[in-house]
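**Q**
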Amino acid sequence: WVLMVTAQTPTNIAVIKYWGKRDENLILAINDSISVTLDPAHLCTTTTVAVSPAFNQDRMWLLGKEISLSGGRYQNCLREIRARANDVEDEKKGIKITKKDWENLRVHVASYNNFPTAAGLASSAAGFACLVYSLAKLMNVQEDNGRLSAIARQGSGSACRSLYGGFVKWVMGKEENGSDSIAVPLVDERHWDELVIIIAVVCSRQKETSSTSGMRETVETSALIEHRAKEVVPKRIIQMEEAIQKRDFATFTHLTCADSNQFHAVCLDTVNFLLNVSQILMVCLIFRIISCVEKWNRSEGTPQVAYTFDAGPNAVLIARNRTSTSLLLQRLLFHFPPNSETDLNSYVIGDKSL
Ligand code: DP6
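Counting from 1 along the sequence shown, just add 7 to a position and that's the residue number in the UniProt record's numbering.
1. For Glu-110, name the three-state secondary structure that DSSP assigns.
2. Enumerate in chain order the residues of its own chain whose CB-to-CB distance from Gln-15 is below 6 Å, with the five nearest sequence positions on each side excluded.
3. How many Å lie between Leu-85 and Phe-135 at the Cα?
4. To the nearest angstrom, how far is the alpha carbon of Gly-172 from that of Thr-44?
5. Run through the segment 230-291 for me and flag every whole alpha helix (DSSP H) of 4 or more residues, listed as ranges in chain order.
6. Determine contact between the segment 181-201 and the segment 306-322, defined as no fewer than three beta-carbon pairs at a distance below 8 Å.
7. Give the C-beta separation of Ala-250 and Leu-231 to the nearest angstrom, bearing in mind that I take them to be a contact with Cβ-Cβ under 8 Å.
8. Use the C-beta contact count for Phe-256: other C-beta atoms within 10 angstroms, 16 or more gives buried, fewer gives exposed.
9. For my contact list, residue 3 and Val-323 are in at a C-beta cut-off of 8 Å; report their separation, rounded to the angstrom.
10. Hey, how far is the Cα of Asp-200 from the Cα of Val-240?
11. So, does the segment 64-74 touch the segment 190-197, judging by three or more C-beta pairs under 8 Å?
12. Would Pro-320 pass as a contact of Leu-292 if the rule is Cβ separation under 8 Å?
13. Pick out the complete beta strand (DSSP E) segments inside the segment 308-339, 3 residues or longer, and give them in chain order.
14. Report the start-end ranges of each alpha helix (DSSP H) in the segment 147-178 that is 4 residues or longer and not cut off at the edges.
15. Can we count Lys-24 as close to ligand 1, meaning its CB is less than 7 Å from some heavy atom?
16. What's the call for His-271, buried or exposed, on a 16-neighbour Cβ count within 10 Å?
17. DSSP state of Val-191, grouped into three classes?
18. In or out: Val-9 buried (at least 16 other Cβ within 10 Å) or exposed?
19. Measuring CB to CB, does Ile-41 end up less than 8 Å from Lys-176?
20. Does DSSP classify Ala-90 as helix, strand or coil?
21. In chain order, what residues of the same chain have a beta carbon less than 7 Å from the beta carbon of Arg-91, not counting five sequence neighbours either side?
22. Which residues does DSSP pair with Ile-23 in a beta bridge?
23. Straight-line CA distance for Ile-34 to Met-179?
24. Taking 7 Å as the cut-off, is the beta-carbon of Ala-313 closer than that to any non-hydrogen atom of ligand 1?
25. May I have the straight-line CA-CA distance separating Ile-296 from Leu-288, to the nearest angstrom?
26. What does DSSP give as the partner residues of Ile-296 in its beta bridges?
27. Consult DSSP for Asn-304 and reduce its assignment to one of helix, strand or coil.
28. Verify the contact flag: Ile-104, CB atom, against every heavy atom of ligand 1, threshold strictly below 7 Å.
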């Protein structure tokens with residue numbers, strides 16, 4: 008027999024960024040972060056997990072290609088979920104698995120993204136959140152999403168925020184064992200539903216530096232990171248929570264853009280950051296998009312769109328409503344036509360690709 012579960016998890020985009028760890032194995036951050044979870048219909052991971060007595064080892068396929076599960080992150084997630092497994096019964100199939108059986112049963116995992124992997128679109132966030140969620144369903148784990156978020160966090164820090172919709176905060180926590188480093192929902196997806204998120208896919212190539220090694224180098228070499236983590240972010244978190252509660256788009260835009268810029272400032276302040284020409288060109292394109300958005304916001308008097316960039320060059324633009332979205336798209340298409348020398352491939356709004 009084979010027992011299977013399939014789940015879908017959306018990705019999330021940080022508006023106050025996580026960058027830097029205090030513990031690399033448990034994945035504990037040096038500051039709190041806040042993100043918005045995208046609509047699962049648009050950018051998401053779909054994962055199927057299966058268990059059978061015929062399987063003799065844990066195996067995983069990503070986009071149809073087998074990947075090694077030897078990395079500590081997968082093992083940590085699997086171990087934590089197995090430790091919480093419960094009895095499972097499927098009467099129709101005549102399957103009965105006891106809590107004890109799970110120790111000796113192996114699982115197979117197949118995972119797909121409907122967006123580029125490792126191109127700075129938080130694919131690891133959706134990926135690990137979905138892995139943990141689907142394994143928890145398969146093994147009848149009874150923990151709430153907060154506890155599951157602490158397990159997903161051990162796969163990839165940003166993954167803990169993908170277990171909830173709407174705006175989500177990852178509380179960095181104080182405990183050494185990470186037990187209080189969990190995600191908490193701030194408001195659900197209906198709270199601010201006029202916002203429209205557009206992703207300008209500049210480059211779908213894989214990132215050259217992983218977030219993990221990039222943030223390690225930042226913590227080791229940047230003189231600015233401590234000031235950011237201890238002084239700037241704690242204040243921004245309070246202000247951002249308030250702006251989200253009040254749906255105050257002007258403050259939201261100011262904080263989102265400032266935090267994206269400061270995240271890139273600490274990256275520039277990291278030794279060996281600008282290692283190659285493609286990274287320099289990418290930074291130039293980021294600045295051209297920023298300048299286009301800022302000029303427009305200034306000319307309108309009130310901000311129409313917030314921008315934020317993660318570790319890759321793809322621009323995430325959050326428009327205040329549908330009217331500003333169409334005006335923004337006209338502007339972007341004029342200044343950055345897809346497939347021109349700008350290197351911009353396409354725009355994605357929701358499930359529509361332009
Ligand atoms: C810039 O969560 O990918 O997107 O914990 O090492 O897996 P690891 O890093 P990851 O880092 C995400 C960094 C970011 C900001 C954010 O999502 O908060």
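All C-beta atoms in this analysis are idealised placements derived from N, C-alpha and C, irrespective of residue type, glycine included.
**A** In short:
1. Sequence index remark: in the sequence shown, residue 110 carries index 103 (1-based). DSSP places Glu-110 in helix when its eight states are reduced to three.
2. Position 8 of the sequence shown, counted from the start, is the residue given in the question as residue 15. Hits under 6 Å: Pro-47, Cys-51 and Thr-53.
3. Sequence index remark: in the sequence shown, residue 85 carries index 78 (1-based). Sequence index remark: in the sequence shown, residue 135 carries index 128 (1-based). When the Cα atoms are used, Leu-85 and Phe-135 turn out to be separated by approximately 11 Å.
4. The residue labelled residue 172 in the question sits at position 165 within the sequence shown. The residue labelled residue 44 in the question sits at position 37 within the sequence shown. Between Gly-172 and Thr-44, the C-alpha separation is close to 5 Å.
5. 240-253 and 256-275
6. no
7. As a first step, residue 250 must be located in the sequence shown, where it is residue number 243. As a first step, residue 231 must be located in the sequence shown, where it is residue number 224. The C-beta distance from Ala-250 to Leu-231 rounds to 24 Å, too long to meet the 8 Å contact threshold.
8. On the sequence shown, residue 256 is found 249 positions in, with the first residue counted as 1. It is buried - the Cβ of Phe-256 has at least 16 other Cβ atoms within 10 Å.
9. Nothing in the structure corresponds to residue 3, since the chain is present only between 8 and 361.
10. Along the sequence shown, read from residue 1 onward, the residue named residue 200 stands at position 193. Along the sequence shown, read from residue 1 onward, the residue named residue 240 stands at position 233. Distance between the alpha carbons of Asp-200 and Val-240: 26 Å.
11. No, they do not touch.
12. On the sequence shown, position 313 is the one that residue 320 refers to. On the sequence shown, position 285 is the one that residue 292 refers to. Yes, the pair counts as a contact, with Cβ atoms nearer than the cut-off.
13. 312-316 and 322-326
14. Listed in chain order, the alpha helix (DSSP H) runs fully inside the segment 147-178 are 152-159, counting runs of at least 4 residues.
15. Here residue 24 corresponds to residue number 17 of the sequence shown, with the count starting at 1. Checking the Cβ of Lys-24 against ligand 1 gives yes.
16. By one-based count along the sequence shown, residue 271 stands at place 264. Around the beta-carbon of His-271, 16 or more other beta-carbon atoms lie within 10 Å, marking it buried.
17. On the sequence shown, position 184 is the one that residue 191 refers to. Under the three-state reduction of DSSP, Val-191 is assigned to strand.
18. Looking up residue 9 in the sequence shown gives position 2. Val-9 comes out exposed.
19. Your numbering for residue 41 matches position 34 in the sequence shown. Your numbering for residue 176 matches position 169 in the sequence shown. Cβ atoms of Ile-41 and Lys-176: closer than 8 Å.
20. Residue 90 sits at position 83 when you count from the first residue of the sequence shown. In the structure shown, Ala-90 sits in coil (DSSP, three-state: anything other than H, G, I, E or B).
21. Locating residue 91 in the sequence shown gives position 84, where the first residue counts as 1. For Arg-91, where only same-chain residues beyond five positions count, the Cβ hits under 7 Å are Val-148 and Glu-150.
22. Here residue 23 corresponds to residue number 16 of the sequence shown, with the count starting at 1. According to DSSP, Ile-23 bridges with Ile-41.
23. Counting from 1 along the sequence shown, the entry for residue 34 is found at position 27. Counting from 1 along the sequence shown, the entry for residue 179 is found at position 172. Cα-Cα distance, rounded: 10 Å.
24. Numbered from its first residue, the sequence shown carries residue 313 at position 306. Checking the Cβ of Ala-313 against ligand 1 gives no.
25. As a first step, residue 296 must be located in the sequence shown, where it is residue number 289. As a first step, residue 288 must be located in the sequence shown, where it is residue number 281. Taking the straight line joining both Cα atoms gives about 13 Å.
26. Start at 1 with the first residue of the sequence shown, and residue 296 comes out as number 289. Paired residues: none, contrary to the question.
27. Start at 1 with the first residue of the sequence shown, and residue 304 comes out as number 297. Here Asn-304 sits in helix by DSSP.
28. Taking the first residue of the sequence shown as 1, we reach residue 104 at position 97. No - ligand 1 has no heavy atom lying nearer than 7 Å to the Cβ of Ile-104.
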